[in-house]
Amino acid sequence: MVHQSEIQQALADWFAVNARDLPWRRAQTPYTTYLSEILLQQTRVDQGLPYYERFVRLFPTIQDLAIAPRDEILKAWEGLGYYSRARNLHRAATEIVERFDGRIPDQENDLKSLPGIGDYTASAILSIAYGQPFAVVDGNVIRVLSRLTTFAGDVNTSAARRQLKTLATDLLPDDNPGAHNEALMELGALVCSPRSPSCEICPVSKFCGAYSIGRQEDFPVKTKKRPVPHYDIAVGIITSDDSRILIQKRLDTEMLGGLWEFPGGKREGAESLKETCARELMEELGITVDVGKALTPVKHAYSHFKITLHGFYCTIESGEPESDAGRQLDWVVKENISKYAFPSANRMLFDELGIDSGD
DNA sequence: AAACCGGGGGC
DNA sequence: GCCCCAGGTTT
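Reading the first sequence from the start, the letters are residues 266 to 624 in this note's numbering.
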């Protein structure tokens with residue numbers, strides 16, 4: 266890359282002054298680096314921050330994470346999304362204790378052998394925690410480098426990702442590669458933003474190809490996403506004679522795996538929502554119910570589809586609830602429901618049900 | 001290579 | 001509404 270050492274220096278100087286005061290930078294250890302990187306995958310720093318504080322408080326060491334019940338980790342993760350990260354975090358912590366004597370590995374192959382650690386996270390840990398020369402390529406780096414070099418490839422392709430990894434590696438300094446990686450990401454987060462970047466205060470604008478032609482927002486080049494489908498979901502609020510509500514646990518193999526929810530499912534064809542509710546409760550639990558009053562519908566967007574969640578008060582007419590797929594069931598009093606980890610859409614029904622959110 | 005996997009904030 | 005975020009895993 267042209268002006269390589271000048272860009273390195275400008276980035277380092279800028280970062281020395283503008284780096285945010287973040288908790289995993291204050292008391293940095295391999296564990297805090299690992300934990301923060303997992304929490305921040307596809308997650309903005311501002312959103313991950315309270316979760317990081319919670320996790321270092323609940324699980325100060327990798328051993329604490331390894332011996333914790335998984336449900337406890339999922340509960341602490343509740344609301345952050347991409348719950349496979351929490352499941353993998355628990356598995357990886359166990360493996361780190363067993364295979365690596367409780368130390369976060371400092372070898373690329375060892376790190377990548379752990380669940381939840383791919384190329385980005387391995388490079389981040391190796392460079393930031395261990396000072397090794399591995400370049401990171403995250404969303405920020407993609408944006409900064411594609412603008413600097415007017416990179417024309419579609420960054421959603423693996424070929425383009427490889428080229429950007431090479432670019433990032435070329436730009437990596439021998440001295441303090443970890444700080445350089447952090448600086449590049451910090452610049453992407455604070456200055457080189459997706460829309461309306463602050464080029465007038467950017468330390469590397471004079472080296473930026475996109476800025477020189479006034480086309481900052483034309484990079485990175487990426488293909489448009491397909492429109493996402495919408496589904497109606499009907500769930501039953503089933504209450505026992507002693508005022509306990511029936512909830513079930515999602516399987517690990519399902520989306521939102523390991524979280525608890527009100528039983529129900531997706532509307533099929535032209536059936537009514539009440540029919541959906543009755544059919545799903547028969548299929549999943551083997552019970553016939555009387556579907557009563559509806560709760561206020563809740564809209565929610567996932568990454569690849571949208572739903573409207575319809576809750577119905579239901580009364581069992583016949584049968585005893587038994588899961589069709591070995592899902593765990595539980596009858597819970599309202600006061601205890603907040604001890605279970607629920608998906609956000611389910612939680613949006615809590616208020617109307619008189620359930621305390623617990624936070 | 002492409003699909004799948006959450007939730008929230010900014011515009 | 002749409003886009004994007006300190007990406008990884010599965011198919």
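The beta carbon of each residue, even a glycine, is placed where N, CA and C say it ideally should be. Quick caveat: nothing in here was measured; it's all calculated off a predicted structure.
Contact under 8 Å by Cβ, residue i with residue j
{"i": "Leu410", "j": "Leu437", "result": "no"}
{"i": "Phe577", "j": "Val563", "result": "no"}
{"i": "Ile361", "j": "Leu379", "result": "yes"}
{"i": "Glu519", "j": "Thr386", "result": "no"}
{"i": "Arg426", "j": "Val420", "result": "yes"}
{"i": "Ile369", "j": "Pro442", "result": "no"}
{"i": "Gly529", "j": "Gly551", "result": "no"}
{"i": "Asp366", "j": "Tyr395", "result": "no"}
{"i": "Asp497", "j": "Thr561", "result": "no"}
{"i": "Leu546", "j": "Cys579", "result": "yes"}
Rounded Cβ spacing between residue i and residue j (contact assumed at less than 8 Å)
{"i": "Leu413", "j": "Val469", "result": "7 Å"}
{"i": "Val598", "j": "Ile581", "result": "That pair is no contact at about 18 Å."}
{"i": "His575", "j": "Leu538", "result": "5 Å"}
{"i": "Pro398", "j": "Glu526", "result": "Not really, about 45 Å apart at Cβ, beyond 8 Å."}
{"i": "Thr415", "j": "Ala475", "result": "5 Å"}
{"i": "Gly619", "j": "Ser603", "result": "About 12 Å separates the two Cβ atoms, so there is no contact after all."}
{"i": "Glu451", "j": "Arg285", "result": "7 Å"}
{"i": "Ala499", "j": "Thr541", "result": "4 Å"}
{"i": "Leu276", "j": "Ala448", "result": "4 Å"}
{"i": "Ile272", "j": "Phe472", "result": "5 Å"}
{"i": "Arg335", "j": "Gly523", "result": "7 Å"}
{"i": "Leu330", "j": "His355", "result": "7 Å"}
Rounded C-alpha distance that separates residue i from residue j
{"i": "Leu429", "j": "Ile407", "result": "7 Å"}
{"i": "Lys489", "j": "Arg460", "result": "16 Å"}
{"i": "Asn353", "j": "Gly381", "result": "5 Å"}
{"i": "Trp596", "j": "Asp616", "result": "19 Å"}
{"i": "Ser588", "j": "Arg290", "result": "46 Å"}
{"i": "Ser299", "j": "Ile390", "result": "Per the sequence presented here, residue 299 reads as Tyr, with Ser not at that position. In a straight line, the C-alpha of Tyr299 is about 6 Å away from that of Ile390."}
{"i": "Leu455", "j": "Phe280", "result": "11 Å"}
{"i": "Leu304", "j": "Thr297", "result": "10 Å"}
{"i": "Ala333", "j": "Gln274", "result": "44 Å"}
{"i": "Gly453", "j": "Pro288", "result": "19 Å"}
{"i": "Tyr316", "j": "Ile510", "result": "28 Å"}
{"i": "Gln306", "j": "Gly344", "result": "14 Å"}
{"i": "Gln513", "j": "Ala606", "result": "11 Å"}
{"i": "Glu600", "j": "Asp506", "result": "16 Å"}
{"i": "Thr245", "j": "Phe320", "result": "The chain is shown from 266 up to 624; residue 245 falls before or after that span and cannot be answered."}
{"i": "Asn405", "j": "Gln312", "result": "16 Å"}
{"i": "Ser270", "j": "Asp517", "result": "48 Å"}
{"i": "Ala543", "j": "Ser568", "result": "28 Å"}
{"i": "Ile503", "j": "Glu548", "result": "15 Å"}
{"i": "Asp439", "j": "Trp342", "result": "37 Å"}
{"i": "Cys457", "j": "Cys464", "result": "7 Å"}
Buried/exposed call for residue i, threshold 16 Cβ in 10 Å
{"i": "Asp259", "result": "In the structure as shown, the chain starts at 266 and stops at 624, and residue 259 therefore has no counterpart that could be examined."}
{"i": "Glu363", "result": "exposed"}
{"i": "Asp403", "result": "buried"}
{"i": "Ser583", "result": "exposed"}
{"i": "Lys340", "result": "buried"}
{"i": "Arg532", "result": "buried"}
{"i": "Arg515", "result": "buried"}
{"i": "Ile466", "result": "exposed"}
{"i": "Gln593", "result": "exposed"}
{"i": "Phe570", "result": "exposed"}
{"i": "Val493", "result": "exposed"}
{"i": "His268", "result": "exposed"}
{"i": "Val282", "result": "exposed"}
{"i": "Thr359", "result": "buried"}
{"i": "His495", "result": "exposed"}
{"i": "Gln481", "result": "buried"}
{"i": "Arg612", "result": "buried"}
{"i": "Ala566", "result": "exposed"}
{"i": "Ala444", "result": "buried"}
{"i": "Gly383", "result": "exposed"}
{"i": "Ser388", "result": "buried"}
{"i": "Ile478", "result": "exposed"}
{"i": "Ala610", "result": "buried"}
Margin query: Counting beta carbon pairs with one atom in the region 366 to 376 and one in the region 333 to 353, are three or more of them shorter than 8 Å?
Written below: Of all C-beta pairs linking the region 333 to 353 to the region 366 to 376, fewer than three are shorter than 8 Å, placing the two stretches out of contact.
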